[in-house]
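Heads up: the sequence shown at position 321 corresponds to 555 in my numbering, and the numbers run straight through without jumps.
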Amino acid sequence: MFKKVSTVFILGFYTVFCSAQQVRPSKSSEIYRELKTLKHIPKVLYLAAHPDDENTGLLSWLINDQNVETGYLSLTRGDGGQNLLGTEQGAALGLIRTHELLEARKLDGAQQFFTRAIDFGFSKNTTDTFKQWDENSIIADVVWVIRTFRPDVIICRFPPTAAAGHGQHAASAVVAEKAFKLAGEKSAFPNQLKYVNAWQPKRVLWNTFRFGGVNTTAENQLKVTVGQYDAQLGMGYGELAGLSRSLHKSQGAGTQSVAGIRTEYFAHVTGEPAKATLFDGVVKTWTEKGNTDIDQSLDQIISAFNFNEPDLSLPALLALRKKVMALKKADLKKDKLKSLDNIILSCAGFMGEVVTNQAEAVAGDHYNFRLNLISRAANPVVLDNVKWLSQSESFSRKLSKDSLITIQHDLQIPADAALTEPYWLAKSPTNAATFSVPNDTLIGLPEAESPLNVLLSLRIGSENFQVKLPLSFKKLDPVRGDVVEALRIVPALELKFTQPLYLVKENEDLHLSLNVKVNSNRPYNNGHLNLTYNGERLGGTNISSLNGKETTIEYVIPKTKLAAIHSSRLPLEANFVADGVTYNKKQVLIQYPHLPSLQYFAPATVTVMKGDIQAKVKKVGYIEGAGDFIPEFLRIAGVQVDVLKDEDFYGKLDESGGNGNQNKLSQYDAIVLGVRANNTEKKLGRWMPFLWSYVKAGGNLVMQYNTNQDTTVDQLGMYNFSITNKRVTEENAAVTFLNPNHKLLNFPNKITADDFKGWVQERGAYFPAQWDAAYEPLFEMHDTEEEPLQGSTLYAKYGKGNFIYTPLAFFRQLPAGNVGAARLFFNFLSAQKN
């Protein structure tokens, strides 16, 4: 761990790093809070397993009431969770959840950290978790975050026991305690000490809780009162916490903003016990550090701070900066100087941005950029120099108060500029549970700093500052107004199959289509497209020229070549060779209104499902739940899919005001309820009587999994069953067929044990535990050393039709291209055709 990297220090300057695309001044109330935080020395690190595990109410109180720097370390990025917004899973979902956390941090003010651990899905205990995660690697990452952030107090959200409710939750407590004991030992992970010093926090506490029927709080635990009203925020900390947590939109984590105080409880884990406060025995002030003059200066600045004219504080802040620059303790100096410089620039009302009107750029191409600068301070900010990537330009120009200056400049993107993508996705994972990173010093960071920056040399008074402005894209959106995002570096050529998945039966040719997108202005002639499977070339075609920005290429792989491949799941890869350069990347672009545009690149692959997949349905109605891929999968398989809305149940009003075509459900061979439809579709309660009538008259209703919280309908089936949290997390768990002769296992596909091979992440979740005698369970399965479960699929006849409740994870298996899961799902859809 920790490869050697070269680091350049600019003496006499401090570089302000900003993950945002602009440097903008904070509001006066925020500057005032930052000043009070600058006065306080302690730091707190909150630690848990996933995005949305953090106690946002406590974070908000620590930052805004106690004025201490606070970070949240989430071991994972939430890759294994579920998605209520769309069809993204795995790495794409982890990227979404990373940025939802960053949006939450913008509200509550905490810093965000991660380890390299991949969220591989639900696990039941720490033993199962550490079978996937390399415990020592995760501990090393946590030690690194402790040594870089240097918290005095670590607070765990969960205990290391079953009370945590999730193996990854419990594992977060295990690694926290072990990392605490190692972070101060120079013999532990010594390669880290090339970049950071050993650091020993004072203690580890467990923030005990009441969740559902579990109460881990006790009156003999340390207690603090949170949730107080903050006049500068205009709300209490519980209200701020609700806003922050509600930004986890992919998880449906909308949270009530609760006014009023409440008590938080803390149990001692290790280190020096706390008796009265979280910070017992912790150095809290500059005076305790031996820097009384800094304490006194800050007291005077805070006392004299003018909310209407924050620039009046600049002379005192610049004098304070000289004192901080003279500090001998490098770590403290680095931290506090960063905060102080941000405060100074905010008091100066400084805004800077470097923008172009194109969202994407190609390495080696030229683009026009605008450098926009403004200062709102009477005390002038002087622009001394601009470094345009590699070219410097001297100015010595004063920024007049409230006068925007714009400097145009043509920039060539460096030929070796890396593609814009998250650093943890730039390389293939070390294994299924650990990300690989290109530079170990990036570990812990939510995202890497932009490598493409314009560097400003500024002067305020006699103090020099360097400010990095990332190259950005700016547009005027008719709904959102100004939108400023990172400039995205893309390949000169991108490849993408026109379908996310292909199905081909035995003894059939495979018809593929592929889009080649040209991002550069350079011409591309005499290219060659290659298609490979496991490195073996299956075919290709010459392309004399690429006309326009996007070209669709059709190709057929003959059945004779497919017959030689003895696999039901074929990952095909495409590459395009032009002018001696091989292009083999596809862009994954994620765009949601609450997030910036997110991009990463993957190999230009597509999964082909090859096998005997029989489907006897032609037309299916679908009630959407949380985002899932199944409607698209069914369309790829040649099934007509109609997403059902109110009018499909009630009919449209005719010209006379009456209902015409009142019920159209009988036209469907099957109706499917999407995953968690009972948790997300608020109209389901009034649709259910129509669905039962449809089944009774001879219809076929297939319902996928729902949770037992936030439900729309109390009773999902026409006969009762109760949903629990029981699940089978081992994707290869043995499956017993309780009635091998059941029609759902024999028509139109004969289901065998082979159809349960190659599943991903899990068998299923939220299995019913009790059900009416009218239901027949089809399977029995269980995780290692656990009781057998029979609730993975329940079947019942109702009138002339069929009802199937199946919490099997089809929403994961079908996008993964699992043929056996597809065969079983089509059997469920075809129940009424038998």
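Glycine included, every Cβ here is placed at the ideal spot set by N, Cα and C.
Original post:
How should R910 be labelled, buried or exposed, when 16 other C-beta atoms within 10 angstroms of its C-beta is the threshold for buried?
Top reply: R910 should be labelled buried.
Subject >> Inter-residue spacing [alpha-carbon to alpha-carbon] between E627 and N619 >> reply: Straight-line Cα distance between these residues: approximately 6 Å.
Original post:
When you compare only the Cα positions, how much space is there between F348 and N370?
Top reply: Each residue's alpha carbon lies about 15 Å from the other.
Subject >> Entirely enclosed alpha helix (DSSP H) segments - the stretch 537-573, minimum 4 residues >> reply: Counting only runs of 4 or more residues that sit fully inside the stretch 537-573, the alpha helix (DSSP H) segments are 548-559, in chain order.
Original post:
For I330, which three-state DSSP category applies?
Top reply: DSSP places I330 in helix when its eight states are reduced to three.
**OP:** Could you round the C-beta distance between L689 and K621 to whole angstroms and report it? I think they count as a contact, below 8 Å.
**Re:** Going by Cβ atoms, the distance from L689 to K621 rounds to 4 Å, so yes, they are a contact pair.
Subject >> Whole beta strand (DSSP E) elements within the stretch 793-861, 3-residue minimum >> reply: Entirely contained in the stretch 793-861, the beta strand (DSSP E) runs reaching 3 residues are, in chain order, 803-812, 815-817, 819-824, 832-837, 839-844 and 853-857.
Original post:
Exposed or buried, what is R869 when buried is set at 16 or more other beta-carbons lying within 10 Å of its beta-carbon?
Top reply: Taking a 10 Å sphere around the C-beta of R869, we find fewer than 16 other C-beta atoms and assign the residue as exposed.
Original post:
What residue does the alpha helix (DSSP H) around S927 start on, and which one ends it?
Top reply: In the DSSP assignment, S927 falls within the alpha helix (DSSP H) that extends over L918 to K930.
**OP:** Run the CB neighbour count on K457, radius 10 Å, all protein chains shown included, and call it buried at 16 or more, exposed below.
**Re:** Answer is exposed; the Cβ neighbour count stays below 16.
Original post:
By a C-beta neighbour count over all protein chains shown, 10 Å radius and 16 as the cutoff for buried, is E683 buried or exposed?
Top reply: Around the beta-carbon of E683, fewer than 16 other beta-carbon atoms lie within 10 Å, marking it exposed.
**OP:** Identify, in the order they occur along the chain, each residue of the same chain with its Cβ nearer than 6 Å to the Cβ of A432, setting aside the five sequence neighbours on each side.
**Re:** Beyond the five residues adjoining it in sequence on each side, A432 comes within less than 6 Å, by CB distance, of G418 and K420 in the same chain, given in chain order.
Original post:
Between S406 and D342, which are expected to be in contact by the criterion C-beta below 8 Å, what is the C-beta distance as a whole number of angstroms?
Top reply: Actually they are not in contact, since the Cβ atoms of S406 and D342 sit about 20 Å apart, beyond 8 Å.
Subject >> Local conformation of A263 per DSSP, three classes >> reply: According to the sequence provided, residue 263 is Ser. The question's Ala does not apply to it. The three-state reading of DSSP puts S263 in helix, counting H, G and I together.
Subject >> Paired residues, beta bridge with D743 - DSSP >> reply: According to DSSP, which records beta bridges pairwise, D743 is partnered with nothing at all.
**OP:** Alpha carbon to alpha carbon, how far is I297 from E264? Give it in angstroms, no decimals.
**Re:** Computed Cα separation, rounded: 11 Å.
Subject >> Beta-carbon spacing of L729, K819 below 8 Å >> reply: Cβ distance < 8 Å, so L729 and K819 count as in contact.
Original post:
Skipping 5 residues on each side, what residues in its chain have a beta carbon closer than 8 Å to that of L272?
Top reply: Excluding five sequence positions before and after L272, the CB atoms of its chain that fall closer than 8 Å to its own CB belong to L532, K570, S573, L574 and I577, given in chain order.
Original post:
In its own chain, which residues sit with a C-beta less than 8 Å from the C-beta of V854, not counting the 5 before and 5 after it?
Top reply: The beta carbon of V854 is closer than 8 Å to those of L868, V873, Q874, V875, D876, Y902, D903, A904, I905, V906 and L1063 in its chain, skipping five residues each way along the sequence.
Original post:
CB-CB under 8 Å to A254, same chain, minus the five flanking residues each way: which ones, in chain order?
Top reply: If we look at A254 and ignore the five residues flanking it on each side, it has no Cβ neighbours.
Subject >> Length of the line joining the Cα atoms of V448 and T958 >> reply: Straight-line spacing of the CA atoms in V448 and T958 works out to 16 Å.
Subject >> Straight-line gap, N1052 to L978 (C-alpha atoms, nearest Å) >> reply: If you take the alpha carbons of N1052 and L978, they lie about 18 Å apart.
Original post:
Nearest to L950 by alpha carbon, out of L935, K960, R437 and T1018?
Top reply: Selected option, being the one with the closest Cα: L935.
**OP:** Tell me, please, which residues DSSP counts as bridged to E788.
**Re:** Checking the DSSP bridge columns, you'll see E788 partnered with S747.
Original post:
Are R555 and E697 close, meaning C-beta to C-beta below 8 Å?
Top reply: Yes, the Cβ-Cβ distance between R555 and E697 is below 8 Å.
Original post:
So, is A398 buried or exposed, given that buried needs 16 or more other C-beta atoms within 10 angstroms?
Top reply: Its Cβ being crowded by 16 or more others within 10 Å, A398 is buried.
**OP:** Would you list the residues sitting across from H502 in a DSSP beta bridge?
**Re:** Answer by DSSP bridge pairing, in chain order: L439.
Original post:
Per DSSP, what kind of secondary structure is G1033 in: helix, strand or coil?
Top reply: Coil.
Original post:
Are the beta-carbon atoms belonging to D286 and H482 less than 8 Å from one another?
Top reply: The Cβ atoms of D286 and H482 sit closer than 8 Å to each other.
Original post:
Is it true that the stretch 318-331 meets the stretch 370-379, where meeting means three or more beta-carbon pairs spaced less than 8 Å apart?
Top reply: No, because fewer than three Cβ pairs between the stretch 318-331 and the stretch 370-379 fall closer than 8 Å, the two stretches do not touch.
**OP:** Assign K509 to one of three DSSP states: helix, strand, or coil.
**Re:** Of the three classes helix, strand and coil, the one that applies to K509 here is coil, per DSSP.
Original post:
E1014 bridges to which residues according to DSSP?
Top reply: Residue pairing by DSSP places E1014 opposite T970 in a beta bridge.
Original post:
Secondary structure at V1053, three-state DSSP: helix, strand or coil?
Top reply: It is helical.
Original post:
Are the CB atoms of D862 and G908 nearer to each other than 8 Å?
Top reply: For the 8 Å CB-CB criterion, D862 and G908 form a contact.
Original post:
Where do the N-terminal and C-terminal ends of the alpha helix (DSSP H) with F354 fall, by residue?
Top reply: It is not in any alpha helix (DSSP H) - F354 carries neither H nor E in the DSSP assignment.
Original post:
What residues in its chain sit with their C-beta under 6 Å from that of W367, if we drop five residues either side in the sequence?
Top reply: Close CB contacts of W367 within its chain, under the 6 Å cut and outside five residues either way in sequence, are with A351 and A667 (chain order).
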